[in-house]
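Undergrad:
In this note's numbering, the protein residues as written are 2 to 284.
Next comes the structure, spelled out in structure tokens:
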């Protein structure tokens, strides 16, 4: 039934229907910050269609969004995309992709999660001008440890390290990060630099965005006060409070790895992310 509805939606869009999404919600945050479980929780809501890392939908419309697959290089995969990279035809293709997912489920509010989107926020916000953003923040050392533990077959840094090469190239364009790439000789250090760049680029974007279009949540408060935080997100997104969602949150929003209480960083960690760790209250 869902597949038939999706086909009918695509046919209608080809015949001229406008793929209009009502205030799509994008969950952003560095990978391994808890974005998946937050998305899973909101996805329980009866009005929400949740798309967990729909890379194929992005790449179908904008091939350059692919930074993971063995085709990323031939597609011209890029880390950061800007408004100048848009075309009307590709914008519409992306809107159709997302709109038809909501049509297939019958749940009209889209919630999407893809952590690389931190580097593409101006691009996304102009394609979806009424989009809302939920920014999830987690202790950088916890993120780095989680990235370090990712199994090799998960290709965290993409096929043939393609995503890491793009992160290193991004760092090289900034005096702030340029000298830090040489320190990243192991996965944990790579993860810490990725966390810093991901968090800071999002901070800069949201600082210039109207407050009603974005909200920030910390991983710690999400786990410590799940019902309160989910209610806050529901209110922000204009979703009717759902007891089903709240019950799911209480049952599933639990810490699965030890919390890191940081009192001192190594010299390398200090150089990679000390200032940001301190500013966000993790030190």
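Using N, Cα and C, we set each Cβ at its ideal position, and we do this for glycine too.
Unbroken alpha helix (DSSP H) runs of length 4 or more, entirely within the stretch 90-159: which are they?
TA: Runs found: 122-128, 141-149.
Undergrad: What residue range is occupied by the uninterrupted beta strand (DSSP E) comprising residue 50?
TA: Counting along the chain, the beta strand (DSSP E) containing residue 50 begins and ends at 49-53.
Undergrad: Quick one: what's got a C-beta closer than 7 Å to residue 181's C-beta in the same chain, skipping five residues either side?
TA: Around residue 181: 172, 194, 272, 273.
Undergrad: Should residue 275 be labelled buried (16 or more other beta-carbon atoms within 10 Å of its own) or exposed?
TA: Result: buried.
Undergrad: Where do the N-terminal and C-terminal ends of the alpha helix (DSSP H) with residue 38 fall, by residue?
TA: From DSSP, the alpha helix (DSSP H) with residue 38 extends over 36-43.
Undergrad: In the DSSP assignment, find the unbroken alpha helix (DSSP H) run with residue 199 in it and report its ends.
TA: Residues 188-208.
Undergrad: Quick check on the DSSP output: the alpha helix (DSSP H) that includes residue 1 runs from which residue to which?
TA: Because the chain spans 2 through 284 in this model, residue 1 falls outside it and cannot be assessed.
Undergrad: Just mark residue 117 as buried or exposed, buried being the case when its beta carbon has 16 or more other beta carbons within 10 Å.
TA: Under this definition residue 117 is a buried residue.
Undergrad: Output needed for residue 277: all residues of its chain with C-beta closer than 6 Å, excluding positions within five of it in sequence on either side, in chain order.
TA: Contacts found: 197.
Undergrad: Identify, in the order they occur along the chain, each residue of the same chain with its Cβ nearer than 7 Å to the Cβ of residue 35, setting aside the five sequence neighbours on each side.
TA: Result list for residue 35: 137, 139, 220, 223, in chain order.
Undergrad: Cβ of residue 31 within 9 Å of Cβ of residue 100?
TA: No.
Undergrad: With 16 as the cutoff for other CB atoms within 10 Å, does residue 164 come out buried or exposed?
TA: Counting Cβ neighbours within 10 Å, residue 164 comes out buried, since at least 16 surround it.
Undergrad: Exposed or buried, what is residue 190 when buried is set at 16 or more other beta-carbons lying within 10 Å of its beta-carbon?
TA: Classification of residue 190: buried, given that the 10 Å Cβ count is 16 or more.
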